[in-house]
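The sequence shown lines up with residues 1 to 274 when you count with UniProt numbering.
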Amino acid sequence: MSDLLSLSHVSKVYRQGGMLSRRQIVAVNDVSLSLGDEPEILSIVGESGSGKSTIAAMILGQTAPTSGDLTFRGNPVAIHGRSERRAFMREVQPVLQNPFEAFNPLKRVDRYLFETARNFAPTGVKPDRADVERMADEALAHIGLTLAEVKGRFPHELSGGQLQRTAIARALIPQPRLLVADEPVSMVDASLRMAIVNLFGQLKKDLGLSIIYITHDLATAYYISDRIIIMKKGEIVEQGGARAVLDNPQHPYSRALKEAVLSTTPEMEPAALG
């Protein structure tokens with residue numbers, strides 16, 4: 001059985017100054033990682049410029065690797081046409097950093113949910129309004145909201161936490177196998193961050209989702225992850241089980257990162273996972 005997701009010796013190099021320029025920026029260098037068929041949360045942790053968001057973009061098919069192999073369910077992530085894109089997005093969905101950028105401020109939030117439901121209805125089925133509303137309401141129920149709470153409202157009428165949860169619900173409508181969450185709590189009030197992090201753990205348990213959680217925040221990664229990858233300047237410097245890596249980091253950069261930012265307050269202890 002093939003892995004759900006596999007990156008094998010993947011690199012991404014950008015050229016600066018046009019096609020003829022020799023100046024290159026290596027955003028990702030020789031990265032290999034995989035997700036098996038069992039649901040898990042894999043955190044990719046690093047500071048700004050570490051390459052973690054470039055990895056997310058490659059996994060989502062938004063940019064192609066310069067070298068190496070990237071596959072989902074054994075097939076290359078190389079999306080050329082609209083039908084291929086839609087089939088891929090049924091199984092792999094993004095959750096973006098800033099929910100206020102994911103929604104047009106002049107467009108009601110429920111329209112995004114309804115459009116996603118229409119676009120990803122089962123093949124050959126044209127859903128009616130009741131079907132569309134049911135799909136949206138079911139997705140919202142997974143993240144602790146109802147359609148009645150968001151229906152007819154514009155993005156500015158929801159809190160940042162409500163809007164990010166709505167964005168997660170929208171990603172759930174196609175019933176994907178993998179969520180790629182790129183800094184999903186960095187724009188949310190600190191008091192609400194753990195609620196959203198806990199939500200990812202619940203979605204893994206309830207829906208059998210795998211989640212790639214990209215963050216600079218070691219504390220939430222320690223709390224929620226099954227495995228963790230620590231990146232520096234485009235390279236993996238350490239990886240393994242989250243507890244093993246963060247309780248006893250081996251690489252000097254991992255140790256420095258932990259000393260700088262990890263705060264094991266009581267609510268962040270592993271026992272809180274239940």
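Cβ coordinates follow ideal geometry from the N, Cα and C atoms, glycine included.
In this structure, the straight-line span from the alpha carbon of THR215 to that of ALA136 is close to 28 Å. Rounded to whole angstroms, LEU203 and PRO127 show a C-alpha spacing of 25 Å. TYR213 has SER43, ALA181 as its beta-bridge partners, per DSSP. Per the coordinates, the alpha-carbon of ARG227 lies some 28 Å from the alpha-carbon of ALA102. Within the same chain, and ignoring the five residues on either side of LEU145 in sequence, the residues whose Cβ sits closer than 8 Å to its Cβ are GLN162, ARG165, THR166, ALA169.
Counted as a single uninterrupted DSSP element, the stretch harbouring ALA139 is not any beta strand (DSSP E) but the alpha helix (DSSP H) occupying residues 129-142. Look at GLN175 here: in three-state DSSP terms it is coil, with no helix or strand label. Secondary structure note for VAL245: its alpha helix (DSSP H) is the uninterrupted segment 242-247.
GLY61 counts as buried, since no fewer than 16 other beta carbons sit within 10 angstroms of its beta carbon. Fewer than three beta-carbon pairs drawn from the stretch 64-74 and the stretch 239-246 are found closer than 8 Å, and the two stretches are therefore not classed as touching. Contact annotation, ALA64 with VAL180: C-beta distance approximately 16 Å; criterion of less than 8 Å not satisfied. Taking one beta carbon from each stretch, the stretch 21-39 and the stretch 4-11 have 3 or more pairs nearer than 8 Å; the two touch. Apart from sequence neighbours up to five positions away, the residues of its chain that approach ARG73 with a beta-carbon distance below 7 Å are SER2, LEU4, ordered along the chain. Among the bridge pairs identified by DSSP, TYR14 is matched with ILE25. Residue environment analysis places GLY51 among the buried positions, since at least 16 neighbouring C-beta atoms fall within 10 angstroms of its C-beta.
As DSSP reads the structure, ASN75 sits in a beta bridge with PHE72. A residue is called buried once 16 or more other Cβ atoms fall within 10 Å of its Cβ, and ILE25, having fewer, is exposed.
Judged by DSSP in its simplified three-state form, MET89 adopts helix. Scanning its chain for C-beta atoms nearer than 8 Å, with the 5 sequence neighbours on each side dropped, one finds around LYS232 the residues GLY46, GLU47, SER50, TYR253, in chain order.
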